[in-house]
Structures are given as C-alpha cells and as structure tokens.
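Q: Mind having a look at this structure? Questions to follow.
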C-alpha cells in the first residue's frame, strides 16, 4: 500500500523560553492510501494542533510532514494554496459553510477556486450529491438545513476535488446521535467506495469506532494505537473504551 | 477605571475608527474653512459694491452651515450607532460581570469626549492650514490683489466650529445612552450568532419593478431634459418629478439587487469562475438589507455632482455673459413723460415730474455735466408704450394655453415698443444684428429663453398686432436674439420693434415711457475710466440729484456685482458639494469596513479550502468596488439629465464651460470618493489578513 501521509517526528512549541508549552512533542506515524484513521485525545492533548499542522494552517517547530512524498512544511505562497485546494479536503466541527451560498454553490466553490469549467463543475457536483444522497437539498441555504445535512454538504465539498487526504476536525461535535451515525456511515461509504483517505480528530469513542485505526494522543505524544482488523464495530468500540479507561482523565467525561 | 477602559477601547478599535475619525477631522476642517472666509475677505482691498455682496455671501454661508451641521450630525450619529452595534459582545461581557447600563453609557460618554476632542483639535489644525490656501482662492475669486501674505486666523469661526460640533457630540451621547438603555443582555450575547436569512426576491416581481423603475425614470429624464415649448415644467410638476425620481431610484436598487444575481447565476461560466459566486452572493446579501442606504448615497452623489458642476460653471458663464451683455461702458436710463394722473400712485415729486419731460442730454446740461467731455458714441433709444397693447394681446390665440401653464405672469403689463432705426443704432454698439422691416411688419427682440419660447408660439400663428392704430404682422416666426438693457444675465423678455413711421408722437406724449442713452467713456486708461465712472454711478446720480429720474448702469458696476455673485455661488456649491461627497463616501466606507470584520470567518474558511491570498484580495476589491461604483453609476446617469436641467434653468451657455466644470467635479469625485474607496479597500484587506499564530 502507498503511504499518503508520513509524519516524521514533528514538534510544535508555543510561548517563549521561560514559559514553553509543548503542544506536540515528537509525533510520528504514517497513513496509507484508503485508510480511515481517527485521532483521539482529551482537550489540550494536541490533536487539533496536529491537524492544523497537517493542513498547513499552522507551522511545525521541528520535523517533517510528507504528503505523497512531498514535504509540505517547506511549501510557501502559491504552492501552499495549491496544496490546500488540490490535495486536501476539510470538514470542520462547525461546518464552515458560507451562509450566503446555497448547498450547490458551496460545493461548487471548491472547484471554481481551481478554475474548473462550469459544465464540468455541474457534472461533478451532481455525481457527489448522488453518492452522499443530498440531491434534494442542493438548492437550500445552510440555515434551512439540519446539522447533519450541513455536515454532509461540507463532506461533499471536501471530497469533490478528489483530494489525497480528507481532514475532519470533530465532524460529529455539533451533531445529535442520529445525524452523527448517518454522517459516519457516509464516511465509511466514501472510504470504501471511492477509496478516500480520511484523517479524523475526535474525542468521542463512538465516532472513533467507525475508523479502521485509532491513534491516541496524550500530552503531545502518541499514547497508544489500535487497529480494527477483522473485528466488528461493536468489538472495536469496546477496545477503544478500554484504552480510554487506561488513558483516564478528561476523556472519561466524553463517554 | 472607566476612563482607562475607554482609552484602551479606543486604542484597540482604532482600526475600526480610522475612517470615522478621518471623516470627523475633514468635517471639522471644512466647516472651519468656509466659516473663516468671512475674516479673509476683510483683509482684501475691495470696492464698495463688492463689499455688499461679500456681506451677503458670509450670511448665506452661515445659513448653509446650519444645514451642513444637520448633515454632519446625522452622519456622526449614524456612524456612532454603527460602531456601538459592532461592540455588542463587549457590552455583553461587561453586563454579565455586573456592570450597570449607566456605567456602560459612561464608558461611551468618555469615549465620545476623547474622540470629539481629538477630532476637533486635529480638524481645526487642518482647517487653519487649509484656510491659508483658501485665502488665495478667495482673493482670486474677487479679483483682488493679495499684496502681502498674511496668516489669517478666525476666532469667530473657531468658536462657531467648537460650538456646532459640541452640540453634535452631545446629541451623539444622548443617542448612545438611549440605545444602551434599550438593549437586552440576551440580544447582546446572541448578536453575532444571528445569521441573516436570505430572502430571494421573486424574479418576476423584480423584472416588473425594474421595468417600472426604468419607465418612470425615462419619463422623468424626458421631462427635465426637454422642458421647453408647450409642455414646460411648472414648479409643482417639478416637485412631483423629484418625488418620482427618488421613488424609482429606490425601486431600481431594490429590483437590481435581485435581478443581477439571477442573471449572472444563469451564465454558469461566469458565475462558477473563481470566487465570483461568493462575491455576488456577498453583494446581493448585503444589498438586500442596504437598498435604502444605497438609495440615499446615490441621491447624495447626484446632488453633489449637479451642485458642484453647475456652481462651478456659473462663474465661468457669468464672465462670458458679461462680455456679451455689457458691451458698452455706460447706459443711462431716464423715466420720461410721467403722466400727471400717475404722479401720486408712484409717489413722484413735482420736480421729478417736471424733469421727466426733458431728454437725458438736456438734463446733463442742466446738471453742468459736459457730455462731450466724458462720453463718446452716444446713442439714444426711446421706449414707447401703447396702453392697448399688453402682453395678453400680443399672445393672440396662444394666450389661453399660456395662462394655464403660467397663471402668475402679469398679463396686463404693457408691451415695450421701440423704433427700428433707434434699435439698429444700439444693436450696432452692442454688436447685435441689425434688421429691416416693411411698413406693415413688426418683429420681437429678446434673450430670456423661457419667455421667447412662449412668444415664438404666438409668432408662429402670425398674430397681427395693432400698434398706435396701425395693423402690423410679424416678419419672423421667431424672436430674434438681442437686448436693450445692459445686465449680467439674459433678462430681455421681449421688445417689439416697429418701423419708424408707426410712431408719430409729440415730444410730451405720455406714451414715451423711458429713454436710454448708451455711451462709451472718453478715456484711454483705467484711471480716467474710473474717474468718469465716479460721475455716472447710480448712487451718485440719485444721491446728488434726487429730483431727477436718472439712473446709470455701468459695465464696471455690473462686472463687480457679478464677480461677487459668482464667487458666492461657487463657495456655497463647493461647501455643500464637498460635505455631501464626504458624507456619502464615509457612509459607504463604514458599512464596507464593518462587513469586512463580519466576514473574517468567511475569508478564513475560503483560505482553508485553498483560495489564495491573491484570489481573496481580488474578491474583496471587486466586492468593495461594486459597492462604491453601483450608486455612483446611477448617480452619474441621473446627473447627465440633472445638469442638463440646471443649465436650462440657470441659462448658462457653452458646452466647453460645462465640460470644464464637469471635469473639475469629476476630479473632486475621484479624489475624495476614490480616496475613501482606496482607504476602505486597504483597511479591509488588513482586516481579513491571515493571522499567523
């Protein structure tokens, strides 16, 4: 299997010498093509910082991040924008849809930024809408939709550019359990059907149980890593709970 | 503690305040500059006649200042309400911490005082510097020599500025307090979360409204640009047209805000290119809520353009008119042959009555003024009236129609009649065309367009007139251009010229109403000219010889009066124009800047999905440019017809002069409006800039 993402001993420090905070303290791991990886950790463990570094929203203090064997910590200017718009797809906790645009236009925007032709855009939006079963709500505005619908629009926007990597930051954080389940099932669908590589940050064991691999982070370091393998989702969920119990602390209240 | 909080707030939100502050300083400076003109003119070495008009000018400027302070007051109150709204969250934090509304009002109170003081000091400083420049302009306007440069400081203007702006700031404080006392904590906390619902307007209704607006506007344009002839505008109708214009401008913005989006949406290749969909949605979502302010801004710009360009052209065309309309050095006028019956009615003394039976030459001899020593090229013109010939008779069949349009004209005033030979003589001196008439023909001379248009109707009908018992028919179908009285404007509303043979009256006939004597001074240099002028000026004649009904109008007097009038109109136009321009640009700029602050999250999101900074800046530029250009464009279209109407009303001539003043107006527009646009763009760019952690 091809390695899509290689994280090589990255560090991220905040503050100055007298008051240094190590948000990430030497993390290394790889993500292979077609994997669905969840990163779990309590708030303050450094998981969002990790995601920000991968998405180039933030810069690492030390170490390297390779996406498809290109070192993205070295990217600058136009190349950086190109990386963000061509190689990455984003899904955020608070959806981050533009409230002035309809669902269709929100999805299309990701393509029009890349200067894709209008008729090509229409074809691709309709295709992705069919896959995520959102055809009926394409002409609605974000405020007319439920949270789950909004998040599926955001997912459609994230994958329409055929990114190498889809980054999801607490995608179920603002959803009720039913919408969460629907969204995660569509993630699974995307992961299996179109082989999308997904890296998801969450502190919810139920959400994490949909992934094929879960990486636990504590105090900026990797604490544990478990794979789903052949086990069912229920068994995997129990395994995750075990690790969470071991981890202790804040994560307990997330359950 | 509260003082410290206020000071820190100002420092922190200085970016938001920059434009507001800048506008306040400009407002104060302009207010000072125009009120200080008063003290600048005192230093000028001007003539008596100019002094009068300067007094009138300063009076009008202070009257305009009251109006200006209303506009600025409105702007300041609007802007401060706006800035308060932006700080809802901050107030919410204060309130949850238990701070009372009174204390929050106090914070705002202190802030207003600090900002008010700073802007007053800075504005007055700028104003004092600018008014030094202004004194050069003033001297140039009144064609006075600036013998030496003097630093001018007007204490009166300073106090007035402080007083007016002090009142405005007090009002702002009052409004702020009211606004704070009204708000509820829950609304403050949720202020930022409330997402605006986007109402899509029905495209059908939009199209209908758009067509209606365009229809009404074209009607208004037509009415104001073709105001001559039979369908001339009355004041009442003009009022209606202005109301219609305002309403249809609003409709136009309302419908276009919905339509443009719909149309561009249909063109997929444009709509889905780059960030176009985002830009358009941004604009239309805002335009939905800002149609009203857009209309106001558009109308303000319209007024600015019209006022500036017509006031700037008035002075030019006045000068041009003078060369044409006051060609001779002096024109003496004497009331002649006053009938005994009218003596009491008009209050003439016995001596005046007696004197009125003498010609101008005889009178001058009596007064021991040697006519030939001072004057050359003397020409005499007698004005006759025929009691049977009034304005209503000369209108003939067209009278009914005219009466309907202009019910307030004096239709019973007698027509002015002159002999052809005498008219031709003065026409030669004035440089006008001379004419010949057959025995049964008459013609009409005039240059006041509104009246000549009416007369043309009657002439077209070949209306016959009975003058001193003889029936005459018109030679021409139109009033011929010309005048008999020197003045600074086209005021001759119609003089009937008849063959000499028609008028056979005795010297003492009371039908001889007036006598004119047109002449040039026997002088080779300016000094002698002024000496002769002193003998014949109006004031002197009537003061020294109260028993004589003799008046003089000289080229120099007309010139002085008109220079002053031109300067006055120019100053008032500049004052109003600049204030309007600044106000409308500041309104737009404030709106745009606050939008940019609201849009930070949207831009951050776009950046996350891969839009480059270049793309984002371009989007921002387009968005702000469209917002600035849209009202300007419609204002410019309005102005094309508005200026046309202004030139008609003001009787100013010459395309080139208009072109010059329009280009000057454009320069002002580009400088001020464009300046605000650029500042807004750069500030907004700064606001949405990526913040590196």
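Chains as they are written, first to last, in this note's numbering: chain A, 36 to 290; chain B, 965 to 1657.
Where a beta carbon is used, it is the ideal one built from N, C-alpha and C, also for glycine.
Taking a contact to mean a Cβ-Cβ separation below 8 angstroms, would you say residue 1452 (chain B) touches residue 1531 (chain B) in this structure?
A: no
Q: Tell me the DSSP secondary structure of residue 1406 (chain B) in three-state form.
A: Residue state for residue 1406 (chain B) is assigned as strand, using DSSP reduced to three classes.
Q: Hey, does residue 140 (chain A) have any beta-carbon neighbour from chain B nearer than 8 angstroms?
A: yes
Q: In chain order, which beta strand (DSSP E) runs of at least 3 residues are fully inside the segment 1265-1306 of chain B?
A: 1294-1299
Q: For residue 1415 (chain B), I'd like the list of residues in its chain whose CB is within less than 7 angstroms of its CB, leaving aside the five on either flank, ordered along the chain.
A: 1457 and 1458
Q: Measuring only between beta-carbons, confirm whether residue 1224 (chain B) sits less than 8 angstroms from chain A.
A: Taking 8 angstroms as the threshold, the shortest C-beta distance from residue 1224 (chain B) to chain A does not fall below it.
Q: My output table needs one value for residue 43 (chain A): the three-state DSSP class, helix, strand or coil.
A: In the structure shown, residue 43 (chain A) sits in a strand (DSSP, three-state: E or B).
Q: In the DSSP assignment, the alpha helix (DSSP H) including residue 1326 (chain B) goes from what residue to what residue?
A: Going by DSSP, residue 1326 (chain B) is part of the alpha helix (DSSP H) stretching over 1324-1330.
Q: Would you tell me roughly how many angstroms separate the C-alpha atoms of residue 1435 (chain B) and residue 1370 (chain B), rounded to the nearest one?
A: 28 angstroms
Q: Which residues does DSSP list as the beta-bridge partners of residue 1167 (chain B)?
A: Paired residues: none, contrary to the question.
Q: Are the segment 1232-1243 of chain B and the segment 131-151 of chain A touching by the rule of at least three beta carbon pairs closer than 8 angstroms?
A: yes
Q: Pull up the distance between the alpha-carbon of residue 1441 (chain B) and that of residue 1405 (chain B), whole angstroms please.
A: Rounded to whole angstroms, the gap between the alpha carbons of residue 1441 (chain B) and residue 1405 (chain B) is 12 angstroms.
Q: Look up residue 1443 (chain B) in the DSSP assignment and say whether it is helix, strand or coil.
A: coil
Q: Counting only Cβ-Cβ distances shorter than 7 angstroms, please list the residues of the segment 1559-1578 of chain B near chain A, keeping chain order.
A: Listed in sequence order: 1566, 1569, 1572, 1573, 1574, 1575 and 1576.
Q: Let's test the definition: count the other Cβ atoms within 10 Å of the Cβ of residue 162 (chain A) and tell me whether it reaches 16, buried, or not, exposed.
A: exposed
Q: Considering only the beta carbon of each residue, do residue 221 (chain A) and residue 187 (chain A) sit closer than 8 angstroms?
A: yes
Q: Taking 8 angstroms as the threshold (C-beta atoms), are residue 234 (chain A) and residue 72 (chain A) in contact?
A: In contact: residue 72 (chain A) and residue 234 (chain A) (Cβ atoms closer than 8 angstroms).
Q: Going by C-alpha to C-alpha distance, which of A:246, A:193, A:239 and A:117 sits closest to residue 78 (chain A)?
A: It is A:239 whose Cα lies nearest to the Cα of residue 78 (chain A).
Q: Mind pulling the chain B residues with CB within less than 8 angstroms of residue 85 (chain A)?
A: What residue 85 (chain A) touches in chain B: nothing, since even the nearest Cβ is about 14 angstroms away.
Q: Alpha carbon to alpha carbon, how far is residue 1420 (chain B) from residue 1193 (chain B)? Give it in angstroms, no decimals.
A: Because residue 1193 (chain B) sits at a pLDDT of 49, beneath the cut-off of 50, its placement in the model cannot be relied upon, and the following sentence gives the value as read from the coordinates. About 9 angstroms.
Q: Determine the closest residue to residue 1058 (chain B) out of B:1352, B:1634, B:1623 and B:1148, with distance taken between C-alpha atoms.
A: Measuring from the Cα of residue 1058 (chain B), the nearest candidate turns out to be B:1148.
Q: With DSSP as the reference, label residue 1516 (chain B) as helix, strand or coil.
A: strand
Q: Looking at C-alpha atoms only, which residue of B:1592, B:1609, B:1626 and B:1601 is the closest neighbour of residue 1258 (chain B)?
A: By alpha-carbon distance to residue 1258 (chain B), the top candidate from B:1592, B:1609, B:1626 and B:1601 is B:1592.
Q: Could you give the first and the last residue of the continuous beta strand (DSSP E) run that contains residue 259 (chain A)?
A: Per DSSP, the continuous beta strand (DSSP E) segment holding residue 259 (chain A) begins and ends at 256-262.
Q: Looking only at C-alpha atoms, which of A:128, A:44, A:69 and A:184 sits nearest to residue 228 (chain A)?
A: Cα-wise, what sits closest to residue 228 (chain A) is A:69.
Q: Starting from the beta carbon of residue 27 (chain A), find every residue of chain B whose beta carbon is closer than 8 angstroms, and list them in chain order.
A: No statement about residue 27 (chain A) is possible, as the shown extent of chain A runs from 36 to 290 and does not include it.
Q: Taking three-plus beta-carbon pairs below 8 angstroms as touching, is the segment 1024-1037 of chain B in contact with the segment 1076-1093 of chain B?
A: no
Q: So if DSSP puts residue 6 (chain A) in a beta bridge, which residue, or which two residues, is it bridged to?
A: This structure gives no information on residue 6 (chain A), because the portion of chain A shown stretches from 36 to 290.
Q: Please identify the residue among B:1077, B:985 and B:1086 whose C-alpha is closest to the C-alpha of residue 1043 (chain B).
A: B:985
Q: Considering Cα atoms alone, identify which of A:282, A:42, A:204 and A:195 is closest to residue 103 (chain A).
A: Scanning A:282, A:42, A:204 and A:195 for the CA closest to the CA of residue 103 (chain A) turns up A:42.
Q: Distance, Cα to Cα, residue 1104 (chain B) vs residue 987 (chain B)?
A: 28 angstroms
Q: Which word fits residue 1445 (chain B), buried or exposed, when buried means at least 16 other C-beta atoms lie within 10 angstroms of its C-beta?
A: exposed
Q: Keeping to the same chain, check which residues put their C-beta closer than 7 angstroms to that of residue 291 (chain A); ignore five residues upstream and five downstream.
A: Residue 291 (chain A) cannot be examined here, being either before or after the span of chain A that is shown, 36 to 290.
Q: In chain A, which residues lie less than 8 angstroms from residue 1249 (chain B) when you measure between Cβ atoms?
A: 135
Q: Buried or exposed, going by whether 16 or more other CB atoms sit within 10 Å of the CB of residue 1351 (chain B)?
A: Exposed, by the Cβ-count rule.
Q: At a CB-CB cut-off below 8 angstroms, which residues of chain B make contact with residue 148 (chain A)?
A: 1238, 1239, 1570, 1573, 1574, 1575 and 1579
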